[in-house]
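**Q** One structure coming up, written as structure tokens, with questions to follow.
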Amino acid sequence: MTTLDNRPQTALLVIDVQKGVVGDAHQRDEVVANIASLVDRARGAAVPVVWVQHHDDHLEQGSDDWQYVPELERDAAEPLVHKSHGDAFEDTDLEEVLAAAGVGHLVVAGAESDACIRSTIHGAFTRGYDVTLVEDAHTAGDKTAWGAPPVADVIAHTNLYWKYQSAPGRTAGAVPTSEVGFG
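The working numbering runs 630 ahead of the 1-based position in the sequence shown.
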């Protein structure tokens, strides 16, 4: 299990499900519905839900595109981490938020699969966290014009390699929404 001392708790990490990030994303409605289901189940099990919200030169903090999608409502008591890098741990208070809650295992959902999701799951894993990627609760926009594979392939590949990620004292995995357990 986690290599972090005295961190037995699990948290749901919801990354960048913002209007300007997922507006035209692959299977947007299905992914957002799965994330909403995860949020409801985490809350019902008293598992912390931590929200991450990106901003940069193309996604101005406070703009309409910067807002979370209307289907997902953050409870005012739930932590919100603002970031401007792909890895949600970089130059943020995410580590402090998780440490205060005793979290050593992250269940990760959101956007974008080939950017902030990938960066954050790797960042968490190298920092000692156990990391479960929810395979049908992350998405991305189409980047084929810049030479990227189709989004469905990006998602499938991310899920495939995360299922087999390994390191001493930590676990990684990818499971569908229906198999995520918060008990």
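A virtual CB, placed ideally from N, CA and C, is assigned to each residue, including glycine.
Just so it is clear, the structure is predicted and the values come from calculations on it, not from any experiment.
Assuming threonine 807 and alanine 767 are in contact, meaning their beta carbons sit under 8 Å apart, how far apart are those beta carbons, in whole angstroms?
**A** Translated into positions along the sequence shown, residue 807 becomes position 177. Translated into positions along the sequence shown, residue 767 becomes position 137. Confirmed, about 5 Å.
**Q** Between the stretch 667-676 and the stretch 780-794, do three or more beta carbon pairs fall short of 8 Å?
**A** no
**Q** Check for me: the beta strand (DSSP E) holding valine 644 runs from which residue to which?
**A** Walking along the sequence shown from the start, residue 644 turns up at place 14. The continuous beta strand (DSSP E) containing valine 644 extends over residues 639-645.
**Q** Here's the rule: buried if 16 or more other CB atoms are within 10 angstroms of the residue's CB, otherwise exposed. What is glutamate 765?
**A** Residue 765 sits at position 135 when you count from the first residue of the sequence shown. Buried, since its Cβ has 16 or more Cβ neighbours within 10 Å.
**Q** Assess contact between the stretch 636-652 and the stretch 685-695, defined as three or more Cβ pairs (one per stretch) separated by less than 8 Å. Is contact present?
**A** yes
**Q** So the candidates are His787, Thr722 and Phe812; which of them puts its Cα closest to the Cα of histidine 735?
**A** Within the sequence shown, the letter at position 105 stands for residue 735. The option with the nearest alpha carbon to histidine 735 is Phe812.
**Q** Among residues of its own chain, excluding the 5 on either side of valine 711, which ones have a beta-carbon nearer than 8 Å to its beta-carbon?
**A** As a working mapping, residue 711 is identified with position 81 in the sequence shown. Hits under 8 Å: Val680, Trp681, Val682, Gln683, Ala718, Thr722, Asp723, Leu724 and Val727.
**Q** Give the list of continuous alpha helix (DSSP H) stretches no shorter than 4 residues that lie fully inside the stretch 669-737.
**A** 724-730
**Q** Spatial neighbours of valine 761 within its chain, please: CB distance less than 7 Å, with the 5 preceding and 5 following residues excluded, ordered by chain position.
**A** If you number the sequence shown from 1, residue 761 lands on position 131. Hits under 7 Å: Leu736, Val738, Ile751, Ala754, Phe755 and Ala802.
**Q** Taking the alpha-carbon of glutamate 703 as reference, which of Ala663, Cys746 and Arg637 has the nearest alpha-carbon?
**A** Here residue 703 refers to the residue found at position 73 when the sequence shown is read from its first residue. The shortest Cα separation from glutamate 703 among Ala663, Cys746 and Arg637 belongs to Ala663.
**Q** If you draw a straight line from the alpha carbon of alanine 676 to that of aspartate 705, how long is it in whole angstroms?
**A** Start at 1 with the first residue of the sequence shown, and residue 676 comes out as number 46. Start at 1 with the first residue of the sequence shown, and residue 705 comes out as number 75. Roughly 13 Å separates the two Cα atoms.
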